[in-house]
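Chains as they are written, first to last, in the numbering used here: chain A, 0 to 434; chain B, 343 to 796. Here a beta-carbon is modelled for each residue, glycine too, at the ideal position from N, C-alpha and C.
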Amino acid sequence: MEKLLEMAKKVCDQAEIYSVDNKSNVVSFENAKLHDIDTKFQSGVSIRIIKDGKLGFAYTRNLINREELLQNALNSLKGGVSADYEFPKTLDLPKLNTYDSSIDNITSNQMVEECSRVCELLKKTNGEISSTAYSYTETIRVMNTKDTDVSNKISQFGIYGSIAYPGSASGIGRVSSAKKFEKMPNELIQETVDTFNVSSKEVTAKGGKMKVMFMPNCMYALNWRINNGTSAKSIYEKISPIADKVGEKIFSDKISIYDDPLDDKYPGARAFDDEGVATSKLHIVENGVLKNFYYDLNYAKKLNAKSTGNGYRSAQWESDRISLKPTPVLANLRYKTGNKSFKEMVKMIDRGIIIEGALGAHSGNIPNGDLSIGANPALYVENGEILGQIKDVMMAANIYELFKNVVEVSNTLYYSYSGLMPAILFDNVSVATKS
Amino acid sequence: MLDKLKQILSKIDADYADIRYEIKKDIVITFNGKELSQIGSNSTDGYVVRALKDGGFASAVFTKIDDAAQVAKTVVENAKLIGKDNKKPVKLAKTDVVKENYTPDFIEDPRKVSIEEKLNITRRANEAALAHKEIATTNVAYREVIREKTFVTSEGSEIKEDLITVSLAGEIIAKDGNLVQNVRVATGGSDGFHTIRNPEKNFEERTQIAIDLLKATPVKAGTYNCILNPSMAGVFTHEAFGHFSEADIIETLPAMREKMKLGSKLGSDVLNIIDNATIPNQLGFYKYDDEGIKVKHAQLMKNGVLVGRLHSRRTAAEFNEPLSGHCVAEDFRYAPIVRMGTIFIEPGDKSLEELFALLGDGLYILDAKGGQTAGENFTFGAQYGYIVKNGKKAEMIRDINISGNLYKTLLGITAVGKDLVLSKRGGCGKGQINIRSCSGAPHVIAQGLVLGGA
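Quick look at the structure:
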């Protein structure tokens, strides 16, 4: 890597080397039986060079042939992708606790035992049980010609348990995660069982305007739209509906949203982004007021702003980071918690649905903030009681309207598919049903 | 390479093992609005091994050859662990030993077209959209993915196959005040670069739709009878039915497996569905899957009755059904899973005019905008549509998202048109992306669809 950087220095104005090494082990139980174990050892190196204001980019799995990698990057300069920004000089970073070395000692056997325990507890229902445990370690290193040489090692262990309604393959699932091996909390397993039991009965209900509760596992459907509206990329492309609204109240005052990369209590903390820029806590919305957009180096330069340390190699449908250029991403999005528990929030619903899973979150008009999703499943609530589940349900909203009508944000955050998320109860939402 | 792979395989102490090595080359050219944001050509590679030992089957992926020994050990240990308390040992369906080096024919080989020419074509397509003042921005990308696969099994099969997929696709975003509307555009294929050439007309047409959507009315939530155009009906077939034809999905769901028994009546009498990746010159074509099984024509539904299923070697043995050759991986980062190849509704006898007359009042909805299936429920979006009154197309509508149900929605397909069209770009995500996932259909009438509205 050092040698590659030396070579690059000689032929261009600036250079950056990004490397990643990761190991993962995934154990999956289906129908409460051990079904699969999948192990991965992967690595890769990516190079960005800037010469005469143009960008060159290339990547490889194995750094066997440095000349070839550099030549690919030099070739791509000819395309004429402009790059007016400078790679950062990042020397002092806060020391984060992101890695627990005990992760290296977790065996497949131990993961099998934990999945097996979770399955046994979930079996108290008549549903079909599945469970997955994973362990993951990763080392990222970013070096550049400004003498930046930063690296970060992370560890993550997670476990997922779900119960499906027989014949449906749709059901209730929960996930827990930590930096080291930790058993799935029994309360979380019990909540999965209880939620499954109250919702197994199929009921019918008329559509219309009603209260809708988004559970943590489907918050990503809302977050995608918030991310889109507040990204420097959308601001630069003039497609954000809130481009001119900084300082204005756009959401209910119950809503505070921020990016918190330095919070190392949970897996995924980062002191620097994928461009080597130091990260910091960034308020996006505070008590309903739009505070900030988030930037990577490229869009910060275009918009005459500073990078907020949100340049990550990430894309919606592509996970091979070395093949991606950094783009603005909220990697550690959090919501400020509210005052009520999930159970108390259910009591606040006169008539409405609880969305446990979202379907088709990617197919609405995301730039405009529109959302039109299937609920999978939808739990139907009347007078604070969950009566059962309804099928063929869709809810639709525009997030800039939806977030004005917040009834409550839950007082706990759950681990979910999009990180730590609360449940949020909204009022006056359009719901369509078959009956 | 063959010898190196055989050597790795020889160190795996298993009842059966296979190894797949792939070199993946890609070219990406991306425009965001008028700016070129990425261009380049790259090559990566890696290995996937799988081992069956004492009734357990496990897989492992690695990219550094130095990890091979560790992986050979781990994958066998994991397989044994799976097999240990397993009352029903994993079996793999028997197959012939194949030795073949297969290179597909191209109408125009994309590797012989310079990157400058690819850039020019992409730029022209992008400019066709940006020429209109209503267009705020675009995201347009040319992608070329070359998978050079070498596959070896402990049974003696040795197969090489190259897959080259090209696409020119993206999103055109129109804006009026604070209202933003987007339309997708996609072309491409697996038989050559000719599928990309002269894209301007297509981009012009899609741009006009984006502009028209600024004036369209949001659809009201409710239940509607609809005519689906071929793109919509194709994605509908993929989401509503296709995923449940993938045996690995229902393998471990006893109740669903019972409902999805061959012979079950799931669709209306007019519905015939096939997966046929063997058809040449279409996106989904391949010869061997990533277990070395030759892909076959698979009739899945006949007159509404379930008659077949898509399999891996593992699921074919488990279900005691014939191998179909549908176990496919995205690339060297993944072990293969059961995937659709080219799934479509077979053409019926109705003209589009007849379908409109049959519909009477309802909606005409066009061009899929992504779908998702989870269990029996699925959703899919349409990019635009029209209200239909008395068999006549009336005003344009937007914000169309549909929810459906495996056991009910296919029974609501009451008429099938003659005009089969297959998709030109894939991208099904089932944990990993299948860029060759091809779907198609003629125009169809689907009754009683729930729309979310806006």
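Inter-residue spacing [alpha-carbon to alpha-carbon] between A/A395 and B/D357
Position 396 of the first sequence holds residue 395 of chain A. Position 15 of the second sequence holds residue 357 of chain B. One C-alpha to the other measures close to 53 Å.
Would you check if the region 420 to 427 of chain B and the region 383 to 403 of chain B touch, i.e. whether three or more CB-CB distances between them fall below 8 Å?
yes
Where do the ends of the beta strand (DSSP E) carrying B/C780 lie?
Here residue 780 of chain B is taken as the residue at index 438 of the second sequence, counted from 1. Element bounds for B/C780: C780 to A783.
From the DSSP output, which residues share a beta bridge with B/C770?
Here residue 770 of chain B is taken as the residue at index 428 of the second sequence, counted from 1. Paired residue(s): B/N776.
Would the region 572 to 588 of chain B count as touching the region 532 to 549 of chain B if we require 3 or more Cβ pairs under 8 Å?
no
Between B/N614 and B/H785, how many whole angstroms is the CB-CB distance? I'm expecting something under 8 Å.
Taking the first residue of the second sequence as 1, we reach residue 614 of chain B at position 272. Taking the first residue of the second sequence as 1, we reach residue 785 of chain B at position 443. That belief does not hold up - the Cβ atoms of B/N614 and B/H785 are roughly 15 Å apart, past 8 Å.
Compile a chain-ordered list of the residues in the region 6 to 38 of chain A whose CB is closer than 8 Å to at least one CB of chain B.
E29, N30, K32, L33, H34, D35, I36, D37 and T38
Output the distance between the C-alpha atoms of B/V527 and A/P376, rounded to the nearest integer angstrom.
Here the question's residue 527 of chain B lines up with position 185 in the second sequence. Here the question's residue 376 of chain A lines up with position 377 in the first sequence. Spanning the two alpha carbons is a distance of roughly 32 Å.
Quick one: list the residues of chain B neighbouring A/I49, beta-carbon separation under 9 Å, in chain order.
As a working mapping, residue 49 of chain A is identified with position 50 in the first sequence. Those within 9 Å of A/I49 in chain B number zero; the least Cβ separation is about 14 Å.
Reference B/K348, options B/T492, B/S693 and B/E718, closest by Cα:
Your numbering for residue 348 of chain B matches position 6 in the second sequence. Nearest of B/T492, B/S693 and B/E718 to B/K348, Cα basis: B/T492.
Alpha carbons only, please: which of B/I369, B/F583, B/A757 and B/D691 is nearest the one belonging to A/G78?
Start at 1 with the first residue of the first sequence, and residue 78 of chain A comes out as number 79. When each option's Cα is compared against that of A/G78, the closest is B/I369.
If you draw a straight line from the alpha carbon of A/E400 to that of A/L121, how long is it in whole angstroms?
The count along the first sequence starts at 1 and reaches residue 400 of chain A at position 401. The count along the first sequence starts at 1 and reaches residue 121 of chain A at position 122. Going by the C-alpha atoms only, they are around 38 Å apart.
According to DSSP, is B/D533 helix, strand or coil?
Locating residue 533 of chain B in the second sequence gives position 191, where the first residue counts as 1. Correct three-state label for B/D533: coil.
heavy atom of the ligand PLP below 7 Å from A/K94 C-beta:
Absence of the ligand PLP is noted for the structure shown, with no ligands found whatsoever.
Let's see if you can read the secondary structure: which residues bound the beta strand (DSSP E) around A/G351?
Looking up residue 351 of chain A in the first sequence gives position 352. First-last of the beta strand (DSSP E) with A/G351: R350 to I354.
Nonlocal neighbours in the same chain, by C-beta distance under 6 Å from A/K305, ignoring five residues either side
Here the question's residue 305 of chain A lines up with position 306 in the first sequence. If we look at A/K305 and ignore the five residues flanking it on each side, its Cβ neighbours are A299.
Please look up how many angstroms separate the CB atoms of B/I501 and B/K367, rounded, as I've assumed it's under 8 Å.
Along the second sequence, one-based indexing puts residue 501 of chain B at 159. Along the second sequence, one-based indexing puts residue 367 of chain B at 25. Contact doesn't hold; Cβ gap of about 19 Å is too wide.
Taking 8 Å as the CB-CB cut-off, is A/L296 touching chain B?
Position 297 of the first sequence, counting from 1, holds the residue named residue 296 of chain A. Cβ-Cβ to chain B under 8 Å: no for A/L296.
Under a three-way DSSP split, which group does A/K390 fall into?
For the purposes of this step, residue 390 of chain A is taken as residue 391 along the first sequence, with counting starting at 1. Looking at A/K390 - three-state DSSP - the assignment turns out to be coil, as it is neither helix nor strand.
Would A/Y416 count as contacting chain B if we go by Cβ distances under 8 Å?
The residue given as residue 416 of chain A occupies position 417 in the first sequence. Chain B contact via Cβ: absent.
For A/T59, return the contacting residues in chain B, with the cut-off set at a CB-CB distance below 8 Å.
The sequence position of residue 59 of chain A within the first sequence is 60, counting from 1. Residues of chain B passing the Cβ test: N384, S385 and T386.
Could you name the residues of the region 378 to 393 of chain A whose beta carbon sits closer than 7 Å to any beta carbon of chain B, in the order they occur along the chain?
K390, D391, V392 and M393
Which residues DSSP lists as bridging B/I350, in chain order
The residue you call residue 350 of chain B lines up with position 8 of the second sequence. In the DSSP output, where bridge partners are listed per residue, B/I350 has none listed.
Could you give the C-beta distance for B/I354 and B/A411, rounded to a whole number, given that I count them as a contact under 8 Å?
Residue 354 of chain B sits at position 12 when you count from the first residue of the second sequence. Residue 411 of chain B sits at position 69 when you count from the first residue of the second sequence. Contact doesn't hold; Cβ gap of about 10 Å is too wide.
CB-CB under 7 Å to A/V111, same chain, minus the five flanking residues each way: which ones, in chain order?
Within the first sequence, the letter at position 112 stands for residue 111 of chain A. Closer than 7 Å at the Cβ level, and outside the excluded window around A/V111, lie V26 and L33.
Could you run through the region 344 to 362 of chain A and flag, in chain order, every residue whose CB is less than 7 Å away from some CB of chain B?
G356, L358, G359, H361 and S362
Between the region 264 to 283 of chain A and the region 192 to 210 of chain A, do three or more beta carbon pairs fall short of 8 Å?
no
Supposed close pair A/R312, A/P327 - CB separation, criterion 8 Å
Looking up residue 312 of chain A in the first sequence gives position 313. Looking up residue 327 of chain A in the first sequence gives position 328. With 8 Å as the limit, A/R312 and A/P327 do not qualify as a contact, their Cβ atoms being about 12 Å apart.
From B/E588 to B/V670, what distance separates their C-alpha atoms?
Counting from one through the second sequence, the residue named residue 588 of chain B turns up at place 246. Counting from one through the second sequence, the residue named residue 670 of chain B turns up at place 328. Rounded to the nearest angstrom, the two C-alpha atoms are 12 Å apart.
Candidates B/Y484, B/A478, B/I449 and B/F448, of which the one nearest B/T803 by Cα
Missing from the structure shown is residue 803 of chain B; chain B here goes from 343 to 796 and no further.
Write down the C-beta distance between B/A783 and B/L752 rounded to the nearest angstrom, noting that I regard them as a contact closer than 8 Å.
Reading the second sequence from its first residue, position 441 is the one you call residue 783 of chain B. Reading the second sequence from its first residue, position 410 is the one you call residue 752 of chain B. Their Cβ separation, rounded to whole angstroms, is 12 Å, which puts B/A783 and B/L752 out of contact at 8 Å.
Give the straight-line distance between the Cα atoms of B/H580 and A/D252, rounded to the nearest whole angstrom.
As a first step, residue 580 of chain B must be located in the second sequence, where it is residue number 238. As a first step, residue 252 of chain A must be located in the first sequence, where it is residue number 253. Cα to Cα, B/H580 sits roughly 43 Å from A/D252.
How many whole angstroms separate the CB atoms of A/V406 and A/F425, which I take to be in contact at a CB cut-off of 8 Å?
Translated into the one-based positions of the first sequence, residue 406 of chain A becomes position 407. Translated into the one-based positions of the first sequence, residue 425 of chain A becomes position 426. With 8 Å as the limit, A/V406 and A/F425 qualify as a contact, their Cβ atoms being about 7 Å apart.
Can you check whether the C-beta of A/I102 is within less than 8 Å of a C-beta belonging to chain B?
As a working mapping, residue 102 of chain A is identified with position 103 in the first sequence. No, A/I102 does not count as interfacial toward chain B.
Tell me which residue opens and which closes the beta strand (DSSP E) that B/N481 is part of.
Reading the second sequence from its first residue, position 139 is the one you call residue 481 of chain B. Its beta strand (DSSP E) spans residues I477 to T495.
For the region 651 to 665 of chain B and the region 699 to 717 of chain B, state whether three or more C-beta atom pairs, one from each stretch, are separated by less than 8 Å.
no
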